[in-house]
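Right, one structure below, let's go through it.
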Amino acid sequence: IIEQDTARITHAQSADDYVSIGRDVESQVLARAIHAHIHHRTFINGNRTVVFPASPGSYASERMG
């Protein structure tokens with residue numbers, strides 16, 4: 014596991030909303046994991062994966078505010 018995230022949901026949302034939110038979260042997490050990998054911030058150490066933190070503002074979502 015390189016990246017994880019969560020999203021807030023309410024009981025007012027439908028099952029289709031949950032699926033859509035889940036897909037969005039998965040897409041964002043995958044994009045961040047790929048970003049970490051291509052910027053050489055992930056390393057294998059034995060049977061563990063080490064992920065170094067991103068520098069502040071390195072993700073587009075952080076720059077957008």
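Numbering (this note's numbering), first residue to last: 14 to 78. Beta carbons: idealized from backbone N, C-alpha and C, even for Gly.
Thinking just about the alpha-carbon of each residue, which of ARG61, ASN60, GLU39, ILE51 is nearest to the one in GLU16?
GLU39
How is ARG61 classed by DSSP in three states: helix, strand or coil?
strand
With 16 other CB atoms within 10 Å as the buried threshold, where does ARG45 fall?
Burial check for ARG45: the Cβ neighbour count within 10 Å reaches 16 or more, so the residue is buried.
Kindly indicate which three-state DSSP category ALA20 falls into: helix, strand or coil?
coil
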